[in-house]
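Visitor:
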Amino acid sequence: MNIGVHTPPLADESLEGALGYLSDIGVDAIEPGVGGHPGEDHLSRADHLDDEDAQQVVRTKLEEYGIEISALATHNNPLHPDDERADAADTELREAIVLADQLEVDVVTCFSGLPAGGPNDEVPNWITAPWPPEHERALEYQWEQATAYWQDLAAHADDHGVDVAIEMHPNMLVYEPHGMAKLRDETNERIGANFDPSHLYWQGITITDAIRYLAERDAIHHVHAKDTKIYQAQAREKGVLDTTAYDDEPNRSWLFRSVGYGHGESHWKDIVSTLRMVDYDGTLSIEHEDSLTSSREGLEKAVDLLERAIFETEPGEAHWAE
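So the sequence shown is residues 1212 to 1533, counted in our numbering.
#1: Which same chain residues, not among the five before or five after Glu1351, have their C-beta less than 8 Å away from its C-beta?
#2: In angstroms, rounded to a whole number, what distance separates the CA positions of Leu1510 and Gly1228?
#3: DSSP three-state call for Asn1213: helix, strand or coil?
#4: Examine the Cβ distances between the segment 1400-1413 and the segment 1372-1391 and report whether three or more of them are shorter than 8 Å.
#5: What does Ile1280 pair with, by DSSP beta-bridge criteria?
#6: Judging by CA-CA distance, which residue of His1433, Asp1223, Val1451 is the nearest neighbour of Lys1440?
#7: On the three-state DSSP scale, how would you describe Asn1399?
#8: Should Leu1466 be counted as a contact of the ligand NAD given a C-beta to heavy atom distance under 7 Å?
#9: Scan the segment 1331-1400 and note each continuous beta strand (DSSP E) run of 3 residues or more that stays entirely inside, going in chain order.
#10: Using the DSSP secondary-structure output, state which residues sit across from Ile1441 in a beta bridge.
#11: What does the alpha-carbon distance come out to for the pair Asp1453 and Gln1414?
#12: Compare the beta carbon distance of Glu1242 and Gly1215 with 8 Å and say whether it is the shorter of the two.
#13: Might you give, ordered along the chain, the residues of its own chain that have their beta carbon closer than 8 Å to the beta carbon of Asp1312, omitting 5 neighbours on each side?
#14: Might you give, ordered along the chain, the residues of its own chain that have their beta carbon closer than 7 Å to the beta carbon of Ile1481, omitting 5 neighbours on each side?
#15: Please name the residue or residues paired with Ala1436 in a DSSP beta bridge.
#16: Any contact between the segment 1261-1275 and the segment 1316-1336? By contact I mean 3 or more CB pairs, one from each, below 8 Å.
#17: When the Cα of Gln1266 is compared with those of Trp1354, Val1309, Gln1362, Trp1531, which residue comes out closest?
#18: Are the CB atoms of Arg1519 and Glu1460 nearer to each other than 8 Å?
#19: Just mark Val1334 as buried or exposed, buried being the case when its beta carbon has 16 or more other beta carbons within 10 Å.
#20: Got a sec, what are the start and stop residues for the alpha helix (DSSP H) Arg1485 sits in?
#21: Would you check if there are 3 or more beta carbon pairs closer than 8 Å linking the segment 1230-1242 to the segment 1276-1284?
#22: Thr1524 by DSSP, collapsed to three states: which one?
#23: Could you compute how far the alpha carbon of Phe1406 sits from the alpha carbon of Ala1357?
#24: My assumption, with CB atoms under 8 Å, is that Thr1455 sits in contact with Arg1463. Please give the rounded CB distance.
#25: For Leu1221, collect the residues of the same chain with a Cβ closer than 6 Å to its Cβ; drop the 5 residues on either side in sequence, then sort them by chain order.
#26: Return the chain-ordered list of same chain residues with a C-beta closer than 6 Å to the C-beta of Glu1500, the five sequence neighbours on each side being excluded.
#27: Assuming Thr1419 is part of the alpha helix (DSSP H), what are its boundary residues?
#28: Along the chain, where does the alpha helix (DSSP H) that runs through Thr1302 open and close?
See the structure below:
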């Protein structure tokens, strides 16, 4: 297992500047954005797709700093009811898969997307309960739309030998492990999870149980290291489905936090140990979205903790069991 960073917090740096900084603090891998909400500050899709010379420049810089790419990121909504927005997101995702293939990167991270609740609706609709009955029918419609889209996208990913790692995210159709397993069952083995615990915490999901559940289905393609803290004084009054602005920290029931500031070091060691138990040996990609600290301080504190949590050697033989 190694330590990576999802690079949007370093958007003020060039690719080389970001690589130099990350190498200095002990980072092994990057997850750059190539479109959608992460942007493409460090790896422009248009500038690198089908351009071997531009791709070679990236390879040379990565080799110079001893850093690899764990995944290319393009988080958007290819199921949006606005055809123009959906088409743009679909193009981003398909081109990201092709670019990953060309760069010999195994994974693209993304969202599942979220359709409208019916064919005449204009905005996506996140269904969280089956009643009144029109909500159940809306959810059935959404899964029909999603299944058709993702079956085709999964075939495209398979053609290029690239895994698609979906972050389970509220306000997307796939936001928890059972939905993730359902989409995988409806498509192929290229579709799996970008296992980000941050949104699972506030839904009340036990992280190590979720890891085991998805690992039983061989459905973890990538992992984010991102923490969340639930603030009970607010949660006791209004629960955790909180629409308070993210920068109104005192009034939110939960906040994204730097690794170790939502859950302690022992918890993150449990996560690492559980990932090892299920044979995940990839990257822990730090995603910094902690509004209580700067990007660099948050990244550095996360790296510091994860360096103590990860194992750097292969397990030895259990000689005590002989």
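Note that CB positions come from ideal geometry on N, CA and C, so glycine has one too. All values derive from a computational prediction rather than experimental measurement.
Guide: Based on what the coordinates show:
#1: none
#2: 15 Å
#3: strand
#4: yes
#5: Ile1241
#6: Val1451
#7: coil
#8: Of the ligands one can find in the structure shown there are none, so the ligand NAD has no counterpart to examine.
#9: 1374-1378
#10: Trp1465
#11: 11 Å
#12: yes
#13: His1371, Gly1372, Val1373
#14: Reading off the sequence, residue 1481 comes out as Asp, not Ile. Within the same chain, Asp1481 has close Cβ partners Thr1419.
#15: Ile1497
#16: no
#17: Val1309
#18: no
#19: exposed
#20: The sequence shown places Thr at residue 1485, not Arg. Counting along the chain, the alpha helix (DSSP H) containing Thr1485 begins and ends at 1476-1488.
#21: yes
#22: coil
#23: 20 Å
#24: 5 Å
#25: Ala1229
#26: Phe1467
#27: 1418-1426
#28: 1294-1314
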